[in-house]
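**Q** At position 4 of the sequence shown the residue is numbered 4 (full-length UniProt numbering), and the sequence of numbers has no breaks.
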Amino acid sequence: MTQASARHILVDSEAKCNELKTEIEGGRDFAEVAREHSRCPSGQQGGELGTFGPGQMVPEFDRVVFEGELNQVHGPVKTQFGYHLLEITSRR
1 MTQASARHIL
11 VDSEAKCNEL
21 KTEIEGGRDF
31 AEVAREHSRC
41 PSGQQGGELG
51 TFGPGQMVPE
61 FDRVVFEGEL
71 NQVHGPVKTQ
81 FGYHLLEITS
91 RR
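As structure tokens, then:
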């Protein structure tokens, strides 16, 4: 079974998500931005979600994590929790 590792940043609005994405694409460290802005407890670990397989996260996550390009910032991704930026760090 395919496994992936990813990190994310969770915020309340699409506008905030886009703002943070611009900062990261401009050179800010993803983990630093996650620690400062993510409202998910994983933010304290730089947004690290660990390793997981298909179906372990919400469907919106699965689509990005198992189909998107590695080491790029994806999003905003809207889920029932809010708006996310995702970075896929590995997939095997």
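Quick reminder that beta carbons are idealized off the backbone N, C-alpha and C, glycines included.
Note that the structure is a prediction, hence the values are computed from the model and not measured.
#1: Restricting to Cα atoms, I'd like to know which of V11, L85, Q45 and Q80 is closest to G68.
#2: By alpha-carbon positions, which one of T89, Q44 and Q45 ends up nearest to V64?
#3: With a CB to CB cut of under 8 Å and the five nearest residues on each side skipped, what residues in its chain are close to I24?
#4: Over what stretch of residues does the alpha helix (DSSP H) that includes E14 continue unbroken?
#5: Determine the extent of the beta strand (DSSP E) in which E48 is found, giving its start and end residues.
#6: What's the call for P76, buried or exposed, on a 16-neighbour Cβ count within 10 Å?
**A** In short, the structure shows the following:
#1: Start at 1 with the first residue of the sequence shown, and residue 68 comes out as number 68. Looking at the Cα atoms, L85 is the closest of the given residues.
#2: Counted from its first residue, the sequence shown places residue 64 at position 64. Closest option to V64, Cα to Cα, is T89.
#3: Position 24 of the sequence shown, counting from 1, holds the residue named residue 24. Cβ neighbours of I24 beyond the five flanking positions: F30, V33, V73 and L85.
#4: To locate residue 14, count along the sequence shown from 1; it is residue 14. Counting along the chain, the alpha helix (DSSP H) containing E14 begins and ends at E14 to E25.
#5: As a position in the sequence shown, residue 48 is number 48, starting the count at 1. Residues E48 to F52.
#6: The count along the sequence shown starts at 1 and reaches residue 76 at position 76. When all chains shown are included, P76 counts as buried.
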